Amino acid sequence: MTEILPQQRRKLIEHTIEQYGQARVAELAAELDVSEMTVRRDLTYLEHLGVLVKVHGGAMRRGAPTSAEPGFTTKSALQTEEKDAIAAAAAALITPGSSVALSAGTTTFALAHHLTAVENLTVLTNSPRIAEVFWAADSPGRTVILTGGERTPSDALVGPIALESVRGLNVDAFFLGAHGISAERGLTTPNGLEAQLSRALLAAAARTVVVADHTKWGLTGLHSIAELNRVDTVVTDAALPAAARAELEGQDVSVVIAPEPSTPHVG
C-alpha cells in the first residue's frame, strides 16, 4: 500500500467514524497499513479537534455516544465474516426440538440462517427480519413467534405489546446480540425499551448466550441490560483481547471462540 500523508490518513479515519459511528484501533491500523500507535496518535489529534470521542480500544462519533443507535443496514456491513463464524459456532449449541429466543440484531440474524438447519425448533423473536428467515425456510415442525411492538432503528420490536408477547413464556436458550459489553457496565444498549425486553427474555430463558464480535468489548450503551454474571456463554471471535476473556471467565461465563474465517493464501 502506498504511504499516505497524515492529513489524508486522518481524513479517512474521520470518514470511517462518521459512516459507521465507531471504529477500533486494530481495524483502522490494518485498513491503513500503519501501526496501532500511529492510529492512537491520530485519534488523539482528531479528538482535540472535536471530531470524535476516544473510547477503550477505538473511537466513536462525537455527540451522544452512549445513545447512538446505528441502523440495521449500517451494522450489517461490519465484521460480516466474524459474525457468520460466530453464528455457526452458536448454532452448534442448539439441539433439535429446543425452544430459543433471538433478540434483534445482525449477528442473531446470521444465527437465524444457521438455525434453519436445526429441526423442530420453536423460535421466539422481536425481529421481523429474523422471523422472515425462518418463514422463508419453510421447515416442517418449526414454530415461529414474532412479538408485536414499535420498531427501532435496529429493526427490533419493543414496548408494551412486545413485553406482553413474551409474558409467561419459557425458552431453553436466549441468544442476545449486545450493542456493548464491558467488565464495568455489563451488557448495554442505546435503546431503553430494547433493554427492557432483553431483560424479560433473559428472565424467561434457562440459559443466556451472548453472540458478539470483539468490537463490542469496551463499548457502553446508555441503558443497562444485565451484569456479566447473568450470562452463561459468550460466543465471539479470536480477536477478543485476552484480558476481556479473563474478565468473562472470572464471572463464570463460558467463552466460545469461533474459528477464524478462512482467508485466501497470498504469495
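In our numbering, the protein residues as written are 70 to 336. Glycine included, each C-beta is placed from N, C-alpha and C at the ideal position. Just so we're clear, the structure is a prediction, and the values are computed from it rather than from any experiment.
The criterion of a C-beta distance shorter than 8 Å is not satisfied by T177 and F243. Looking at Q88, A181, Q76, A281, the one whose alpha-carbon comes closest to that of V108 is Q76. Per DSSP, reduced to three states, the secondary structure at T176 is helical.
Sequence-distant Cβ neighbours of R79 in its own chain, meaning closer than 7 Å and more than five residues away, are D111, Y114, L115.
Here T258 is not near I199, since their CB atoms are 8 Å or more apart.
With respect to the C-alpha of D224, the residue from L297, T194, H84, V279 having the closest C-alpha is T194. In the DSSP annotation of this structure, the continuous segment of the beta strand (DSSP E) that includes V124 starts and ends at 121-124.
Looking from the CA of I326, the closest CA among E316, D282, V300, D301 belongs to D282. Spatial neighbours of V94 in its own chain (CB-CB distance under 7 Å, excluding positions within 5 residues in sequence) are listed in chain order as E105, V108, R109, G126, G127.
Separation of M129 and P209 (C-alpha to C-alpha, rounded to the nearest whole angstrom) is 45 Å. Distance from the CA of T277 to the CA of R299, rounded to the nearest whole angstrom, comes to 8 Å. In the DSSP assignment, R220 is bridged to L226. By a beta-carbon distance limit of 8 Å, D301 does not contact S267. Their separation comes to about 15 Å.
The alpha carbon of R236 has as its nearest neighbour, out of N189, E188, I155, A170, the alpha carbon of A170. Taking 8 Å as the cut-off, the beta carbon of G174 is found closer than this to the beta carbon of G246. Taking C-alpha positions only, Y89 is separated from L97 by approximately 12 Å. G290 and I73 have their alpha carbons spaced roughly 34 Å apart. The C-beta of W204 has fewer than 16 other C-beta atoms within 10 Å across all chains shown, which makes the residue exposed. Excluding five sequence positions before and after P328, the CB atoms of its chain that fall closer than 7 Å to its own CB belong to A154, given in chain order.
When DSSP reads this structure, G261 sits in no beta bridge, so it has no partner. Per the coordinates, the alpha-carbon of K123 lies some 33 Å from the alpha-carbon of L270. Nearest neighbour of G287 by Cα position, chosen from E83, E253, L121, turns out to be E253. Of the residues assessed, A264 falls on the buried side of the cut-off, its CB having 16 or more other CB atoms within 10 angstroms. In the three-state DSSP reduction, V300 falls in the coil class, being neither helix nor strand.
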